[in-house]
Structure formats: C-alpha cells, structure tokens
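First to last, the protein sequences are chains A and B.
Sequence positions in the first sequence follow this note's numbering and run 1 to 325.
Sequence positions in the second sequence follow this note's numbering and run 1 to 245.
Every residue gets a Cβ at the ideal spot worked out from N, C-alpha and C, and that includes glycine.
Here's the structure, in structure tokens; my notes come after.
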Amino acid sequence: MSVLIYAENAGGKFKKSIFEAISYARAIADQNNTSLTAVSIGNVDAAELALLGKYGADKVLNVSGDKLKDFVNQAYASIIAEAAKKEGSAVVVLSNTFSGRGLAPRVGVKLEAGVADGVVALPVQEGGSFKVKKTAFSGKAFAIVELTSAIKVIALVPNSYKVVETGGTAQVEDFSVESKASDFKAMIKEIVRSSDKVSLPDAEIVVSGGRGLKGPENWGMIEELASLLGAATACSKPVSDAGWRPHSEHVGQTGIAVSPNLYIAVGISGAIQHLAGVSSSKVIVVINKDPEAPFFKVADYGIVGDAFEVLPKLIAAVKEYKASA
Amino acid sequence: MKILVCVSNVPDTTTKITFTDNNTQFNTNGVQFILNPYDEIALARAIELTDGGKGTVTVINVGDASTEATIRKALAIGATDAVRVNAKPHDAWYVAHQIAQYVKANPFDLILTGRESIDYNGSKVAGMLGELLDIPSVSIIKKLDAGDSEATVEREIEGGKEVLTIPYPFVAGAAEGVAEPKIPNMRGIMSARTKPLAVIEPTEVKTFSEIVSYETPAPRGQVKLVAADDTAKLVELLHAEARVI
C-alpha cells in the first residue's frame with residue numbers, strides 16, 4: 001500500500017492548504033511505514049512541483065496538457081483514481097476545498113472507497129480499524145467515523161493540520177491517463193479571480209462584520225483592517241440577506257464554515273447558527289456594544305464598544321504595531 | 001424539464017446538539033427536524049425553472065416514515081410529487097446508491113441537491129450520484145440558468161468563481177444565491193396532502209463508513225475583556241499571548 005495526496009494547484013501554484021494536506025498525508029504514510037505519492041494535474045512548473053517533495057512527498061505523478069489546464073471534475077477524478085490504482089494506494093488524501101469536495105466523492109465511487117470529508121485530525125488506526133474525526137452539526141460537534149472499505153478517501157479541512165517541512169526531494173514522473181470524451185462535458189467558459197482578496201475558506205485570519213456596521217457603506221473599515229492583517233473578509237447571514245455583502249462572504253451554519261487562527265467579529269451578536277460556523281476558529285475576538293451579546297461567551301478576547309469608535313482605533317493600533325514590527 | 005431534488009431531514013438550525021449512550025447516539029429528544037436549508041434553495045430553483053407548466057419537480061428522500069412531514073413540506077412549497085426510499089440513511093454512499101437506482105429507472109434532466117446537509121456536513125451525494133450515473137456533477141453552485149439543451153452555472157472556487165456550461169443531465173449542489181427559499185402558502189399546504197408520495201423499498205448496498213462516537217468541542221475559557229480605548233492592548237495580546245498576528 002501507499003498513501004496518495006492530490007496536490008491541487010490554483011493557477012499553477014500550490015497553496016498553504018495543500019502543504020497542510022501533504023504534511024498530513026506524510027504523517028499517515030509514516031503511521032503505516034509506507035511511501036507518499038503526490039499527483040499534480042494541470043500545468044505546474046518544475047520548481048513548484050519540487051515543493052511537494054519539500055513537504056514530504058516521495059514521488060510526484062505529474063499530469064499536464066492543455067485540456068487539463070483548468071479543473072475538470074470528471075477527468076481529474078479519473079486521473080486521481082488511476083494514480084491510486086497505479087500506486088496501490090490504500091489512503092487517498094484531498095484538501096477539503098471547493099474542488100476537493102467535488103472530487104472526493106467521485107474518486108470514492110471509482111475506487112469503491114469510503115469517503116470522509118470535513119476531516120480535522122489524523123486517523124486513529126488500532127487493530128485494523130481506521131477512524132477519523134470530522135466536523136458535524138456545522139461545528140457544534142465532531143463525529144468519529146470508522147471507514148471500513150479497503151481504500152479510504154479523506155478530505156482534510158484547511159487550517160486543521162500544521163505544515164511540516166521535511167526538506168526531502170521527490171522524484172517527478174510524467175503520468176497520463178486516457179480520458180473519456182464524456183469526462184469533458186462540463187465546459188469552463190470563464191474564470192473570475194478576485195486576486196486582491198484572501199480566499200475565505202483557507203484564510204488564516206478572518207475579519208467579519210454584522211448588522212452593527214449599519215450598512216454596506218461602512219464596510220471600508222472591515223476591509224481596511226482585513227487588508228492590514230492579510231485577512232479575508234466575511235459577514236453574518238442578515239448582512240448577506242440584506243444584500244450588503246455577497247453570499248460568498250456569509251459565514252455560519254448555512255454559509256461557509258471557517259477555522260482560521262484568528263476570527264474577529266465586529267457588530268455580530270453571535271446567533272447559534274453563526275457560532276456553529278466559526279466555533280473551530282483557534283482565537284476569537286468579539287467587538288460589540290452589547291455586553292450581553294452571546295458571542296462574548298465563546299470569545300477569547302472582547303471589547304465592549306461601538307464598532308464605529310473601536311474599529312478606527314483598532315486599525316490605528318494595528319498600523320502602529322506593523323510599523324514597529 | 002424533469003427535475004429531481006434530493007432532500008434530507010435535519011435538526012433545526014437552533015438545536016442544541018447533545019448525545020446519549022456514552023456519546024454514541026445523537027439525542028433526538030425534543031429536536032425539531034426540518035428540510036435541510038440548502039435543499040430548500042435547490043427546491044426553490046427547481047420550482048422557478050418549471051414554473052408555468054415547463055416541467056415537473058420530484059423530491060426524493062432516503063428515510064423512514066418519520067421524514068414524511070419534511071417531504072410534505074417540500075410538496076407544499078411546490079414540488080409535483082415525492083418518493084421516499086424506506087430506509088434509515090446510513091452514509092452518503094448508501095444514500096447515493098439508493099437515489100441512483102431510482103434515477104436509472106426514472107431518468108431526469110437535472111438532479112439538484114443542497115451543497116451539503118447541515119447535520120453531518122457531507123457534500124458527497126451530488127458527486128457520488130454523478131459518478132454512479134456517469135454524468136457531470138458540480139458540487140457547489142452559486143447560480144443556475146437553464147437553457148434548452150444545456151445550463152450555465154457559476155461554481156465557487158477559492159478566491160473567485162468559475163462559469164461553466166453543462167449539457168443535461170447533470171447533478172448540482174445548490175448553495176446560497178441560487179434562489180431564495182420559498183414559504184409554503186395555504187393553498188400549497190392543502191394541496192400537499194393529496195400530492196403523490198410513493199414509498200419504495202431500498203436495494204441492498206454495502207456501507208463503507210459508520211459513526212462510532214461523537215465529541216463536543218472543548219469549552220473555551222473566559223473571555224478576556226479589553227477596554228474600548230485600549231486597542232493597543234488587544235493587538236499586544238494577539239501578538240504576544242495568542243500568537244496569531
């Protein structure tokens with residue numbers, strides 16, 4: 001057996017969430033005293049592919065070609081499954097990204113493998129059993145899932161495993177799989193990247209605003225603080241429902257679940273549905289003028305105060321800290 | 001257009017989650033079950049696309065008889081008919097196989113699911129269905145426009161979006177933005193009682209995963225309050241104590 005990691009790239013570059021997933025996959029390979037192969041699909045250059053070895057891959061299967069330049073769910077799933085078969089992989093790891101979540105179930109069916117998505121910790125393997133911990137009830141709990149199939153597919157939540165540099169080198173091998181024409185039925189017409197913004201699901205810091213901001217015209221303060229901290233911006237459900245911010249920024253039980261190192265909530269009272277989507281953040285800061293706001297009960301740090309007074313002062317303090325650092 | 005919407009029956013979003021039997025069972029005592037919020041979005045879009053006699057919307061659920069109230073709600077919102085596969089859903093693999101089996105005998109142009117269920121936060125059924133039926137699947141869509149032979153969808157990607165065209169049939173997982181959930185009106189509620197709800201028996205399917213226990217997140221410590229005019233203190237704490245900036 002071996003362990004296989006799908007190294008997803010964004011525009012030819014690997015992101016931190018992939019280095020986390022490789023480090024995680026490396027640890028599973030070490031648990032089982034086996035090797036780790038990474039499969040990379042799309043046009044990724046040699047210097048970038050070499051990074052996969054630095055974080056623990058022994059071998060890289062490199063699949064390139066114009067047809068596969070951008071993410072094609074069905075064709076990518078076929079390649080990952082074929083790579084797993086070629087390598088005799090018993091565990092296949094993906095990152096729980098938007099693409100990873102679409103791929104994992106297709107790969108699972110192709111390999112007759114049990115699939116666990118939303119995984120947040122290394123598997124526990126005892127006496128032949130294989131158990132993983134995954135998020136459940138939108139962060140209000142975790143479920144321990146036992147995968148009983150011969151091959152297991154795991155999708156790891158970004159920010160839930162540390163990046164470990166092994167400093168190794170990987171042998172890069174070209175790999176190709178005959179794709180079926182039916183794998184290319186879905187055609188990409190356009191890709192719109194907001195390159196100046198940090199992506200919310202894998203952001204290490206998130207600055208989020210609620211109704212306390214009073215209107216979309218006041219979001220400049222949230223954006224300025226986020227930009228200073230290299231953070232993604234987010235919002236509560238009432239804010240996206242009111243059309244102040246796009247749905248893609250809505251964090252919570254019926255929005256995006258996030259697990260950043262730092263979540264700063266401004267003018268959000270902390271309804272149970274919002275807390276569900278942010279409770280796995282490592283550190284939570286709450287700024288709210290209502291001292292009784294439920295968010296303070298789960299916060300690590302808090303400021304009781306009006307967002308319009310506190311935010312400009314906080315922005316100034318962060319600037320000062322940056323200048324002195 | 002024939003549309004199938006896959007729906008799950010999940011605990012209400014305000015539910016306090018607790019467990020029994022040494023943390024091995026979800027405590028359903030006093031829990032109100034609802035139509036999964038993302039499935040409501042999928043259903044709302046399906047109804048919009050077939051509005052004015054342009055097609056039918058069938059809802060399917062894999063569940064025991066206790067899920068019928070949720071299925072009737074989907075009918076009250078506007079689905080044409082419903083199917084319940086009479087089995088307790090075991091895992092996504094099991095659910096996807098039951099639905100795929102039904103679709104093989106009863107083809108649809110478009111199959112919608114919610115982007116995930118809010119109970120086990122799985123987003124696997126759409127992709128598994130796509131693979132089992134050998135048709136395209138898009139796991140999380142933000143927009144769906146239906147043309148005659150193909151649809152245009154917007155898919156969320158990290159830090160942006162992707163616009164795709166996909167010929168029918170295909171499977172898509174609906175997220176916020178695809179449609180506004182619809183509230184059933186009195187006429188809908190009355191007519192839901194008489195709309196067809198077929199109950200079919202499950203086929204035998206292997207199960208590959210089992211939840212063996214649950215954990216609740218470790219309680220957080222007491223909040224450390226900082227004075228509103230001492231934001232520098234907060235920055236210092238985040239740097240020196242929490243080590244997050």
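What span of residues does the beta strand (DSSP E) with residue i cover, start to end?
| i | result |
| --- | --- |
| A/E173 | 171–174 |
| B/R84 | 81–85 |
| B/I3 | 2–6 |
| A/G168 | Element bounds for A/G168: n/a, residue is neither H nor E. |
| B/T203 | It is not in any beta strand (DSSP E) - B/T203 carries neither H nor E in the DSSP assignment. |
| A/T329 | No answer is possible for residue 329 of chain A: it lies beyond the span of chain A, which begins at 1 and ends at 325. |
Just list the residues that DSSP pairs residue i with in beta bridges.
| i | result |
| --- | --- |
| A/I303 | A/I287 |
| A/I188 | B/L164 |
| A/S160 | DSSP, once it has assigned bridges, lists no residue as partnering A/S160. |
| A/N62 | A/S40, A/D174 |
| B/P11 | B/F33 |
| B/E154 | B/K143, B/V163 |
| A/Y6 | A/V39 |
| A/V91 | A/V3, A/K152 |
| B/V138 | B/A172 |
| A/E146 | A/K131, B/E210 |
| B/N61 | B/R84 |
| A/K13 | A/A10 |
Taking DSSP as the reference, what is the three-state secondary structure of residue i?
| i | result |
| --- | --- |
| B/Y246 | What the structure shows of chain B is the stretch from 1 to 245, and residue 246 of chain B is not part of that stretch, so it cannot be assessed. |
| B/D145 | strand |
| A/F137 | helix |
| B/E176 | coil |
| A/A265 | strand |
| A/K282 | coil |
| B/G114 | strand |
| A/V298 | coil |
| A/E309 | helix |
| B/K224 | strand |
| B/K124 | coil |
| A/V318 | helix |
| B/A74 | helix |
| A/T34 | coil |
| A/I272 | helix |
| B/T67 | helix |
| A/A242 | coil |
| A/S248 | helix |
Does residue i get closer than 8 Å to chain B when you measure Cβ to Cβ?
| i | result |
| --- | --- |
| A/D300 | yes |
| A/P105 | yes |
| A/M187 | yes |
| A/V318 | yes |
| A/Q125 | no |
| A/I144 | yes |
| A/R211 | no |
| A/G267 | no |
| A/Y161 | no |
| A/E249 | no |
| A/T233 | no |
| A/L147 | yes |
Within 8 Å of any Cβ in chain A, is that where the Cβ of residue i sits?
| i | result |
| --- | --- |
| B/I111 | no |
| B/S213 | yes |
| B/L234 | yes |
| B/K121 | Correcting the residue type first, residue 121 of chain B is Asn in the shown sequence and not Lys. Yes, because at least one Cβ of chain A sits closer than 8 Å to the Cβ of B/N121. |
| B/P89 | no |
| B/T28 | no |
| B/F33 | no |
| B/P217 | yes |
| B/K73 | no |
| B/R220 | yes |
Just to confirm the assignment, what range does the alpha helix (DSSP H) spanning residue i have?
| i | result |
| --- | --- |
| A/S17 | 16–31 |
| A/S78 | 73–87 |
| B/V103 | 92–105 |
| B/S191 | 186–192 |
| B/K195 | Careful: B/K195 lies outside any alpha helix (DSSP H) and carries neither H nor E. |
| B/T231 | 231–236 |
| A/K54 | 46–54 |
Just checking residue i against the ligand SAM - is the residue's beta carbon closer than 7 Å to any of the ligand's heavy atoms?
| i | result |
| --- | --- |
| A/L49 | As presented, the structure is devoid of all ligands, the ligand SAM included, so that no description of it is given. |
At a CB-CB cut-off below 9 Å, which residues of chain E make contact with residue i?
| i | result |
| --- | --- |
| B/D229 | Absent from the structure: chain E. Protein chains present are A and B. |
Beta strand (DSSP E) runs wholly inside the segment 99–125 of chain A, at least 3 long, in chain order: Listed in chain order, they are 114–119.
If you scan the segment 182–240 of chain A from start to end, which runs of the alpha helix (DSSP H) of 4 or more residues do you find wholly inside it? The segment 182–240 of chain A contains these whole alpha helix (DSSP H) runs: 220–229.
Q: Let me know the beta strand (DSSP E) ranges lying completely inside the segment 19–56 of chain B, each 3 residues or longer, listed in chain order.
A: Look at the segment 19–56 of chain B and you find these whole runs of beta strand (DSSP E), each 3 residues long or longer: 33–35.
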